[in-house]
Amino acid sequence: MSAVPKRVSKRKKFVADGVFYAELNKFLTIELSEDGYAGVEVRVTPQRTEVIIRATRTKNVLGEKGRRIRELTAVVTKRFGFREGSIELYAERVLFRGLSAVAQAESLKFKLLNGLAVRRACYGVVRFVMENEAKGCEVIVSGKLRGQRAKAMKFCDGYMKKSGYATNDYVDKAVRHVLLKSGVIGLKVAIMLPWDPQGKKGPKKPLPDVVQVLMPKKEVLAL
Numbered sequence: 331m332s333a334v335p336k337r338v339s340k341r342k343k344f345v346a347d348g349v350f351y352a353e354l355n356k357f358l359t360i361e362l363s364e365d366g367y368a369g370v371e372v373r374v375t376p377q378r379t380e381v382i383i384r385a386t387r388t389k390n391v392l393g394e395k396g397r398r399i400r401e402l403t404a405v406v407t408k409r410f411g412f413r414e415g416s417i418e419l420y421a422e423r424v425l426f427r428g429l430s431a432v433a434q435a436e437s438l439k440f441k442l443l444n445g446l447a448v449r450r451a452c453y454g455v456v457r458f459v460m461e462n463e464a465k466g467c468e469v470i471v472s473g474k475l476r477g478q479r480a481k482a483m484k485f486c487d488g489y490m491k492k493s494g495y496a497t498n499d500y501v502d503k504a505v506r507h508v509l510l511k512s513g514v515i516g517l518k519v520a521i522m523l524p525w526d527p528q529g530k531k532g533p534k535k536p537l538p539d540v541v542q543v544l545m546p547k548k549e550v551l552a553l
C-alpha cells in the first residue's frame with residue numbers, strides 16, 4: 331500500500347516559502363555583493379524550481395565556463411534539501427542599473443568602504459539615479475559620520491511618493507549596513523520609478539492621482 335502524501339496547511343506553506351526566499355536573498359546578498367547583486371526571483375514549476383538572480387555583472391555571477399553558478403546551485407541544493415536537478419539557478423542582467431535601489435545601495439556601500447566622503451558619495455548616487463530618468467531619489471545615511479556623535483543626513487531630488495498603494499509599485503527601496511572603523515553606518519536608498527507603458531523602466535499602471543484631460547469630440551464642439 332502506497333504512503334499517503336502528507337498535506338501541508340496553506341499558512342505553513344506560505345511561511346516556509348517566505349523563510350526560503352529571505353534566507354536565499356540574504357545568502358546571495360553576501361555572496362554576490364561585489365558583482366552588483368540586485369535581487370532574486372523564485373519561480374516554482376511542476377518539474378523544478380527556477381531561481382533568477384538579477385545582477386549588473388552577470389559574467390562574474392556565472393564565472394568561468396559557468397563554474398560559479400554551478401557552485402551556488404550545489405550550495406542551495408544541499409542547504410534547502412532539494413533533490414539533485416530539481417532546482418536551477420539563472421543569471422539575468424539588470425538593464426537599468428540607475429533604477430535599481432539595491433544596486434545603488436551596494437554601490438554607495440563600496441564607495442564609503444573605499445574612503446570616499448559621505449556627501450560626495452551620496453550626491454554622486456542621487457545624480458546618477460536622476461540621470462537615468464527616475465522621477466525622484468532619496469538617500470538617508472545615519473551613524474557616526476563625523477566625530478563621535480551619531481546623526482542622520484538626507485539627500486533628496488525630484489518627486490517621491492511616501493504613502494498610498496502606489497508606493498508598492500513605484501518606489502524601489504533598499505537598506506544596507508556599512509561596517510567602518512568608527513562604527514556601523516546605515517544606508518537607505520529609495521527610488522521613485524518613472525511610468526513606462528512598456529513596463530521596462532517602471533510600472534505599466536499610471537499613478538492614480540494623474541488626471542488626463544481628453545480633448546472634446548468634434549460633434550460636441552459643433553453643438
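First residue of the sequence shown? That's 331 in the numbering used here, and the numbers climb one at a time after it. Using N, Cα and C, we set each Cβ at its ideal position, and we do this for glycine too.
For the alpha helix (DSSP H) that residue i lies in, which residues bound it at each end?
i: E364; result: Unbroken run through E364: none, as it is neither H nor E.
i: L402; result: 397-410
i: G454; result: 448-461
i: N390; result: 388-392
Which of the three DSSP states, helix, strand or coil, is assigned to residue i?
i: K439; result: helix
i: G529; result: coil
i: A346; result: helix
i: Y420; result: strand
i: L287; result: Any property of residue 287 remains undetermined from this structure, which presents the chain solely from 331 to 553.
i: E414; result: coil
i: R541; result: One detail in the question is off: residue 541 reads as Val in this sequence, not Arg. Coil.
i: V338; result: coil
i: R373; result: strand
i: K548; result: helix
i: R476; result: coil
i: L425; result: coil
i: N444; result: coil
Can you tell me which residues form a DSSP beta bridge with residue i?
i: D502; result: I521
i: I360; result: None, per the DSSP bridge assignment.
i: V514; result: L509
Between which two residues does the beta strand (DSSP E) containing residue i stretch?
i: M483; result: 481-488
i: E380; result: 379-385
i: V469; result: 466-473
Whose CA, out of the options, lies closest to the CA of residue i?
i: G513; options: V381, S472, V372; result: S472
i: Y351; options: M490, F410, G494, M522; result: F410
i: E414; options: K481, M545, G477, V405; result: V405
i: I382; options: R397, N355, G393, E364; result: N355
i: Q377; options: P527, M545, S416; result: S416
i: L537; options: N462, M522, A346, K547; result: M522
i: V374; options: D347, T403, A482, A433; result: D347
i: N444; options: R337, E364, A520; result: E364
i: Q434; options: K547, A447, A368; result: A368
i: T403; options: T386, K395, L419; result: L419
i: I515; options: R400, R397, A482, V338; result: A482
i: G466; options: V541, D539, A520, G396; result: A520
i: L429; options: R398, V338, K343, E468; result: E468
i: E380; options: Y495, P527, I399, K548; result: I399
i: L475; options: Y453, R449, D487; result: R449
i: Q431; options: T407, L510, T386; result: This sequence places Ala at residue 431; Gln is not what is there. Comparing Cα-Cα distances from A431 to each of T407, L510, T386, the minimum goes to T386.
Cβ contact check for the segment 499-506 and the segment 514-533: 3 or more pairs under 8 Å: yes
Taking three-plus beta-carbon pairs below 8 Å as touching, is the segment 502-521 in contact with the segment 429-449? yes
Would the segment 448-466 and the segment 383-391 be scored as touching if the rule is three or more Cβ pairs under 8 Å? no
Is the segment 415-433 touching the segment 477-491, taking contact as three or more C-beta pairs under 8 Å? no
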